[in-house]
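Chains as they are written, first to last, in our numbering: chain G, 28 to 141; chain S, 2 to 111.
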Amino acid sequence: DVKVTQSSRYLVKRTGEKVFLECVQDMDHENMFWYRQDPGLGLRLIYFSYDVKMKEKGDIPEGYSVSREKKERFSLILESASTNQTSMYLCASSSPDREGNEQYFGPGTRLTVT
Amino acid sequence: ILNVEQSPQSLHVQEGDSTNFTCSFPSSNFYALHWYRWETAKSPEALFVMTLNGDEKKKGRISATLNTKEGYSYLYIKGSQPEDSATYLCASYTGNQFYFGTGTSLTVIP
Chain G
28 DVKVTQSSRY LVKRTGEKVF LECVQDMDHE NMFWYRQDPG LGLRLIYFSY DVKMKEKGDI
88 PEGYSVSREK KERFSLILES ASTNQTSMYL CASSSPDREG NEQYFGPGTR LTVT
Chain S
2 ILNVEQSPQS LHVQEGDSTN FTCSFPSSNF YALHWYRWET AKSPEALFVM TLNGDEKKKG
62 RISATLNTKE GYSYLYIKGS QPEDSATYLC ASYTGNQFYF GTGTSLTVIP
């Protein structure tokens, strides 16, 4: 079974703090993604990566950065957390070898910025 | 940004009822259509991945169809059970990026 794990299920941070959200997958997938989910807006893509040390901006990259130093790990960084970044963050991985690039998701991290 | 729409937004049905949801997506730049089930406190889980116009896929009581020319997909649940209660997400994959709808929240009342 593919496993995608995220470092925390719940996180509370203060405005201005630097926040790291970690995601690890164990299926040697090339592709990894970070989404945020907000009520009424669906999943929105923040950043994605198709290879180690490679990153692409998604639809809402402002205020975020990412790091992919190893194939299995994709980190999302909030350089200076703000209250509008309070959200559910989901990581996913996929392989182009799977039909339609099927995604496997982690359990999510619910981040609250106060 | 692609506009993927799902309807209805939410649905309450009685146990045993059959139901269906719609996902609409732009037919240009289409590569694949994904359906996911997202239960509370769990990870979204892939139900179906469809790529070809006219595709029909089935998993137990759940099935899906795809029309890429007109840009829609239907998800059907036959004889709904309480364990089917979840949010059902669809996503259009362009070959480069995924675009998700806002989901249909299904509640099956015992």
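Glycine included, C-beta positions come from ideal geometry on N, C-alpha and C.
Range of the contiguous beta strand (DSSP E) that encloses residue i
i: Glu49(G); result: Val46 to Gln52
i: Asp65(G); result: Asn58 to Asp65
i: Arg71(G); result: Gly69 to Ser76
i: Ala47(S); result: Glu46 to Met51
i: Phe26(S); result: Run containing Phe26(S): none; DSSP gives neither H nor E here.
i: Glu57(S); result: Glu57 to Lys60
i: Lys40(G); result: Tyr37 to Lys40
i: Val14(S); result: Ser11 to Gln15
i: Glu6(S); result: Glu6 to Ser8
i: Thr139(G); result: Thr136 to Val140
C-beta neighbour in chain S for residue i, strict 8 Å
i: Gln130(G); result: yes
i: Pro88(G); result: no
i: Glu126(G); result: yes
i: Leu70(G); result: yes
i: Gly133(G); result: yes
i: Gly43(G); result: no
Backbone secondary structure at residue i - three-state DSSP
i: Thr105(S); result: strand
i: Thr32(G); result: strand
i: Thr110(G); result: helix
i: Asn21(S); result: strand
i: Asn68(S); result: strand
i: Glu83(G); result: strand
i: Glu84(S); result: helix
i: Glu126(G); result: helix
i: Glu96(G); result: strand
i: Ala42(S); result: coil
i: Leu76(S); result: strand
i: Leu3(S); result: coil
i: Tyr32(S); result: coil
Cβ of residue i within 8 Å of any chain G Cβ
i: Thr52(S); result: yes
i: Gln82(S); result: no
i: Tyr73(S); result: no
i: Leu90(S); result: yes
Rounded distance between the beta-carbons of residue j and residue i, thought under 8 Å
i: Gln7(S); j: Thr105(S); result: 5 Å
i: Tyr37(S); j: Pro45(S); result: 4 Å
i: Ala47(S); j: Glu57(G); result: At roughly 17 Å, the Cβ-Cβ gap does not stay under 8 Å, so Ala47(S) and Glu57(G) are not in contact.
i: Ser114(G); j: Ile104(G); result: With a Cβ gap of about 15 Å, Ser114(G) and Ile104(G) do not count as contacting.
Along the region 82 to 109 of chain G, where does the CB come closer than 9 Å to a CB of chain S? Name the residues. Glu83, Gly85 and Asp86
Name, going along the chain, the residues of the region 22 to 46 of chain S whose beta-carbon falls closer than 9 Å to a beta-carbon of chain G. Tyr32, Ala33, Leu34, His35, Tyr37, Trp39, Ala42, Lys43, Ser44, Pro45 and Glu46
Counting only Cβ-Cβ distances shorter than 9 Å, please list the residues of the region 94 to 105 of chain S near chain G, keeping chain order. Tyr94, Gly96, Asn97, Gln98, Phe99, Tyr100, Phe101, Gly102, Thr103 and Gly104
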